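The listed protein sequences derive, respectively, from chains A and B. Residue numbering for the first sequence follows numbering that gives the first Met the number 0, starting at 0 and increasing by one per position. Residue numbering for the second sequence follows numbering that gives the first Met the number 0, starting at 0 and increasing by one per position. Beta carbons: idealized from backbone N, C-alpha and C, even for Gly. Please read all numbers here as calculations on a predicted model, not as lab measurements.
Number of protein chains: 2
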Amino acid sequence: MRNHAADAKVFKAFCDENRLQILQMLRNGEKCACVLLEHLQISQSTLSHHMKILCDSGIVVGRKEGKWTHYSISASGSEYAKHLLELLTTQTDSAQQTDCK
Amino acid sequence: MRNHAADAKVFKAFCDENRLQILQMLRNGEKCACVLLEHLQISQSTLSHHMKILCDSGIVVGRKEGKWTHYSISASGSEYAKHLLELLTTQTDSAQQTDCK
DNA sequence: AATACATATCGAAAAAAGTCAATGTGTAAA
DNA sequence: TTTACACATTGACTTTTTTCGATATGTATT
């Protein structure tokens, strides 16, 4: 039996336009928050909020280095999301139509 | 250049616990709304709202038959979501670290 | 030790999403 | 042509999410 709340959390990473824009940027390689911020029309605290959601979902990982935090797409997190998507949308072996009551 | 709003819409299907529970049920085969409703702790109007979001995302399709609407997971919609997920999480060929400002 | 910088956290406001009861619409049976 | 049923839509309310400015925290430089 799946934990729907935990599963939903993974996909929340992809449910916001700003987060998709962030992911788009990270596809080109690791970026620190200050660089991401330069390309977005949001405040620093809002960016920090989105990065937290992205990291909590497992799709992004942060690497602290001195004053900076470098973010990148997590290969394992992405694979897990794909696995989950497969799981959620694939018919079961015994799939059949259910009669109305 | 991707349409982030449209992409986000696809993944919203997977961002709510009730919708994940609905998908879980549909994995076992096509179900009409009344059957889904029997297994959920939500009102009929709320279910209708969720089915609209699921259908709008392309993950679910509805088939009207007399008084009933039979819902099922769309194979093509699911494939599209997988394709999108791949697109959003895969590094580009030229991926590289970007220096801080 | 003082300052500057990068990022996180807090608290409040605004926007979006989820929820329900009531009502509307379309279909079939009586 | 009533009546009953299945589902959609509306409007109001609640909850969650997004957003920002202000402030805190940690790190490096002067």
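1) Name the chain B residues whose beta carbon is nearer than 7 Å to that of Thr89 (chain A)?
2) Can you tell me whether Thr88 (chain B) is buried or exposed, with buried defined as 16 or more other CB within 10 angstroms of its CB?
3) Is it buried or exposed, Gly65 (chain B), if we count other Cβ atoms within 10 angstroms and call 16 or more buried?
4) Is the beta carbon of His69 (chain A) sitting closer than 8 Å to the one on Lys30 (chain A)?
5) Can you confirm whether Arg62 (chain A), when its beta carbon is compared against all beta carbons of chain B, has any partner nearer than 8 Å?
6) Hey, could you find the ends of the beta strand (DSSP E) Lys66 (chain B) is sitting in?
7) For Met50 (chain B), which option in B:Glu85, B:Phe13 and B:His3 has the closest C-alpha, if you only look at C-alpha atoms?
8) List the residues of chain B that Asp6 (chain A) touches, going by C-beta distances under 9 Å, in chain order.
9) Report the three-state DSSP secondary structure of Cys31 (chain A) (helix, strand or coil).
10) Just mark Ser77 (chain B) as buried or exposed, buried being the case when its beta carbon has 16 or more other beta carbons within 10 Å.
11) Near Ser47 (chain B), which residues of its chain fall below 8 Å by C-beta distance, leaving aside the five closest residues on each side in sequence?
12) With 8 Å as the limit, tell me which residues of the region 39-60 of chain B have their beta carbon closer than that to any beta carbon of chain A; keep them in chain order.
13) Count the other C-beta atoms from every protein chain shown that fall within 10 angstroms of the C-beta of Ala5 (chain A), then say buried if there are 16 or more, exposed otherwise.
14) Would you call the CB atoms of Leu53 (chain A) and Arg26 (chain A) closer than 8 Å?
15) List the residues of chain A that His3 (chain B) touches, going by C-beta distances under 9 Å, in chain order.
16) At 4 residues or longer, and completely inside the region 37-87 of chain A: list those alpha helix (DSSP H) runs for me, N to C.
17) Could you check what DSSP says for Gln156 (chain A) in three-state terms: helix, strand or coil?
18) Are there 16 or more other CB atoms within 10 angstroms of the CB of Ala74 (chain B), so buried, or fewer, so exposed?
19) Does any C-beta atom of chain A lie closer than 8 Å to the C-beta of Ser75 (chain B)?
20) Measure the Cβ-Cβ separation of Leu39 (chain B) and Lys81 (chain A) and say whether it is below 8 Å.
Let me spell this out:
1) Simply Arg26.
2) Under this definition Thr88 (chain B) is a buried residue.
3) Classified as exposed, Gly65 (chain B) has fewer than 16 neighbouring CB atoms from the shown chains inside 10 Å of its CB.
4) For the 8 Å CB-CB criterion, His69 (chain A) and Lys30 (chain A) form a contact.
5) Chain B, which has no Cβ nearer than 8 Å to the Cβ of Arg62 (chain A), makes this no.
6) DSSP places Lys66 (chain B) in no beta strand (DSSP E); its state is neither H nor E.
7) Minimum Cα-Cα distance from Met50 (chain B) among the listed residues B:Glu85, B:Phe13 and B:His3 corresponds to B:Phe13.
8) Simply Phe13, Glu16 and Leu19.
9) If DSSP states are grouped into helix, strand and coil, Cys31 (chain A) belongs with the strands.
10) Flag for Ser77 (chain B) reads buried.
11) For Ser47 (chain B), same chain residues with a beta-carbon under 8 Å away, outside a window of 5 residues either side, are Ala32 in chain order.
12) Result list: Ile58.
13) With fewer than 16 other Cβ atoms within 10 Å, it is exposed.
14) At a Cβ-Cβ threshold of 8 Å, Leu53 (chain A) and Arg26 (chain A) do not count as neighbours.
15) Simply Asp15, Glu16, Asn17, Arg18, Leu19, Gln20 and Gln23.
16) Counting only runs of 4 or more, we get 43-56.
17) Here chain A covers residues 0 to 100 and nothing more, so residue 156 (chain A) does not appear.
18) Ala74 (chain B) should be labelled exposed.
19) Judged by the 8 Å Cβ criterion, Ser75 (chain B) is not in contact with chain A.
20) No.
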